[in-house]
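Read the structure below first, then the notes.
Residue numbers (our numbering), protein chains in the order written: chain A, 1217 to 1346; chain P, 261 to 376.
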């Protein structure tokens, strides 16, 4: 089955960890992930400035490694990210900000990528919504 | 055939960016001519309240975006009748009020659902 996965919560929220576990299980089960889309506070799940306490799981790092290892399409909504201070080098330069906290394997793009993924997938699975 | 998508918007307009961001998904889908529905549920029905003054809380007015739904080809706009009456709101002009059974059927009708 082809899954599109949307994440709406930060890395420290339990639903982000559940989304990661679901995505790992989907691949392990032989399914395809057409795209991961991070929206609303989900953009924090992609920030590489998250510092997890030593006795807690570093979910943002695990996301980064998972997406990079499997060469998945990990898209972070640009409007939601800018509003929350999650910037890649290009956006930091554009808006003259000193901090860059988004890097490969993540891509910043628009909501069209969410709709495109929904159309391409058999199922959309959401984590961390209201 | 394109997959249909129902957005369920559950947050009040001034509680944070959630209401605006839910609406942005709807408008983006409309721009791509996709079959999109929008349901206001729980505190989300406050987005339909009349005579809101966004400037009083130093916010941008969300109602202009709601008015744009028709321009984007989004005609399937619904509101939970129970949520409206529980908050003392009248039936809205720009959304069709539904009872809980009709909401169940509505959710069944769509291929995918996003709740924000």
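Yeah, the Cβ is synthetic: ideal placement off N, Cα and C, and Gly gets one too.
Quantities reported herein were computed from a predicted structural model and do not represent experimental measurements.
Return the Cβ separation of residue 340 of chain P and residue 358 of chain P in integer angstroms, given the expectation that the two are a contact with Cβ distance under 8 angstroms. Residue 340 of chain P to residue 358 of chain P, Cβ: 6 angstroms. Contact.
Assign residue 281 of chain P to one of two classes, buried (16 or more other C-beta atoms within 10 Å of its C-beta) or exposed (fewer than that). It is buried - the Cβ of residue 281 of chain P has at least 16 other Cβ atoms within 10 Å.
Between which residues of its own chain and residue 319 of chain P is the CB-CB distance below 7 angstroms, once the five residues before and five after are set aside? Leaving aside the five residues that flank residue 319 of chain P on each side, the residues in its chain whose CB is nearer than 7 angstroms to its CB run, in chain order, 274.
What number of angstroms, rounded off, separates the C-alpha of residue 329 of chain P from the C-alpha of residue 265 of chain P? When rounded, the separation of the alpha-carbon atoms in residue 329 of chain P and residue 265 of chain P is 15 angstroms.
Is there at least one Cβ from chain A nearer than 8 angstroms to residue 374 of chain P's Cβ? Closer than 8 angstroms to some Cβ of chain A, the Cβ of residue 374 of chain P qualifies, so yes.
In this structure, does DSSP put residue 1322 of chain A in helix, strand or coil? Three-state result, residue 1322 of chain A: strand.
Mind reading off the beta-carbon distance from residue 1225 of chain A to residue 1257 of chain A? Whole number of angstroms is fine, and I expect it under 8 angstroms. Their Cβ separation, rounded to whole angstroms, is 5 angstroms, which keeps residue 1225 of chain A and residue 1257 of chain A in contact under 8 angstroms.
Using C-beta distances below 6 angstroms, list every residue in its chain close to residue 1338 of chain A, excluding the 5 sequence neighbours before and after it, in chain order. Hits under 6 angstroms: 1217, 1218.
Could you check whether the stretch 1244–1257 of chain A touches the stretch 1291–1303 of chain A, counting it as contact only if at least three pairs of C-beta atoms, one from each stretch, sit closer than 8 angstroms? Enough Cβ pairs lie closer than 8 angstroms, so yes.
Members of the stretch 1253–1270 of chain A near chain P, C-beta cut-off 8 angstroms: Taking 8 angstroms as the Cβ-Cβ cut-off against chain P, the residues of the stretch 1253–1270 of chain A that qualify are 1255, 1256.
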